[in-house]
Amino acid sequence: MRHFATLRRSLGLLASFPDEQRDPDRFYTNLAEDTAELIALFAPVAGDRILDVGGGPGFFDAAFAHRGAWYLGVDPFEKSQVRASGHALPFADNTFDITYSSNVVEHVANPWDMCSEMLRVTRPGGVAIISYTIWLGPFGGHETGLWQHYVGGEFARDRYTRLHGHPPKNSFGTSLFNVSCAEGLRWARGVRDAQVIKVFPRYHPWWAWWLVHVPLLREFLVSNLVVVLKKSPIAHCATGDLTAIL
């Protein structure tokens, strides 16, 4: 993993963050490439059936297609391939080799219900990867600022609205929520039918991954947590038929 999580990669991702609002095509295309490389650390990808929960309008499709994967995106609002809620995925149990969610957890009110749904549709022995922004990290407030959310989510939201004349895209209490690093770790370690195989800060170089294991400090410095789970093998589990819903 050291060849992937380099300081050069971290600095490149950090420099791209301002593009999320001003040039989303560029930002999400680059993020999709990084996400595909990240997932390839834990699963073959080529030939796999991949479900992207909250993937939006399809920025990630090409990144997986040229790696030989069968990709499907689900999103309730965007022009995705399947329009559905992450809390009620319209797929049979054990349908996908890989399920993942990139920067979605902090945007839903009941994120661990969504993550449990992801595991439900992951096949036995398959992998679920969840990456999300931690509230107390520097980017917890998203476009509302680097410090304003420390005063309070409502304060950050209302200040942005006053300054710009319109509410932020990510509005606290509606489309942005306070989610901690500890919550994600607690949920993952409490899952009965899956094993945690890795937790680490998404945008940090490998030598800073130890931050995840230090309570309190991780809330401020991890910024974005990645949780990787492998679903336990279950005998005689039928795999869902995608042709029935597509």
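According to this note's numbering, the sequence shown holds residues 467 to 712 in order.
Ideal Cβ positions, reconstructed from N, Cα and C, are used throughout, including at glycine.
In this text, all values refer to a predicted model and were calculated from it rather than measured experimentally.
Self-check item: Best match in Ala502, Leu629, Leu602 for proximity to Tyr616 [C-alpha to C-alpha]
Solution: Leu602
Self-check item: Outcome for Thr599 when other beta-carbon atoms lying within 10 angstroms are tallied against a minimum of 16
Solution: buried
Quiz item: According to DSSP, is Pro577 helix, strand or coil?
Solution: helix
Exercise. Indicate whether Trp672 and Ala471 have their beta-carbon atoms separated by less than 7 Å.
Key: yes
Self-check item: Rounded C-alpha distance that separates Arg549 from Val540
Solution: 6 Å
Quiz item: Between which two residues does the beta strand (DSSP E) harbouring Ala594 extend?
Solution: 588-599
Quiz item: For Leu555, which residues from the same chain have a beta carbon less than 6 Å from its beta carbon, with the 5 sequence-adjacent residues on both sides left out?
Solution: Glu583, Val587
Quiz item: From what residue to what residue does the alpha helix (DSSP H) around Val519 run?
Solution: Segment 515-519 is the beta strand (DSSP E) holding Val519; no alpha helix (DSSP H) there.
Quiz item: Considering Leu480, what are the terminal residues of the alpha helix (DSSP H) in which it resides?
Solution: 473-482
Quiz prompt | Euclidean distance between Cα positions of Phe483 and Leu629 | solution = 21 Å
Exercise. Out of Val678, Ala558, Gly522, Asp579, point me to the one whose CA is closest to Asp491's CA.
Key: Gly522
Quiz item: Which residues share a DSSP beta bridge with Gly539?
Solution: Asp518
Quiz item: Ala594 and Thr565: beta carbons closer than 7 Å?
Solution: yes
Self-check item: Range of the contiguous beta strand (DSSP E) that encloses Leu691
Solution: 690-697
Quiz item: For the alpha helix (DSSP H) that contains Asp491, what are its first and last residues?
Solution: 490-505
Exercise. Tell me whether His608 is buried or exposed, calling it buried when 16 or more other Cβ atoms sit within 10 Å of its Cβ.
Key: buried
Self-check item: Cβ pair Ala660, Leu695 closer than 7 Å
Solution: yes
Quiz item: Using a Cβ-Cβ cut-off of 6 Å (strictly less than) and excluding sequence neighbours within five positions of Phe508, which residues of its own chain qualify?
Solution: Val593, Val694
Quiz item: Taking all protein chains shown into account, do 16 or more other C-beta atoms lie within 10 angstroms of the C-beta of Ala481, making it buried, or fewer, making it exposed?
Solution: exposed
Exercise. Buried or exposed for Ile700, please, with buried defined as at least 16 other CB atoms from any protein chain shown within 10 angstroms of its CB.
Key: exposed
Quiz item: From Asp527 to Glu499, what does the alpha carbon distance come to, in whole angstroms?
Solution: 10 Å
Practice problem: Tell me whether the beta-carbon of Val680 lies closer than 7 Å to the beta-carbon of Val688. | Solution: no
Self-check item: For Phe562, the first and last residue of its enclosing beta strand (DSSP E)
Solution: 562-568
Practice problem: Can you give me the Cβ contacts of His670 inside the same chain, cut-off strictly under 8 Å, excluding the 5 residues immediately before and after it? | Solution: Ala471, Ser476, Leu677, Val688, Ser689
Quiz item: Quick one: Cα of Pro577 to Cα of Val571, how far?
Solution: 5 Å
Exercise. Would you decide whether Ile711 is buried or exposed? Buried here means 16 or more other CB atoms lie within 10 Å of its CB.
Key: The predicted position of Ile711 is uncertain, since its pLDDT is 47 and thus under 50; no value can be drawn from it.
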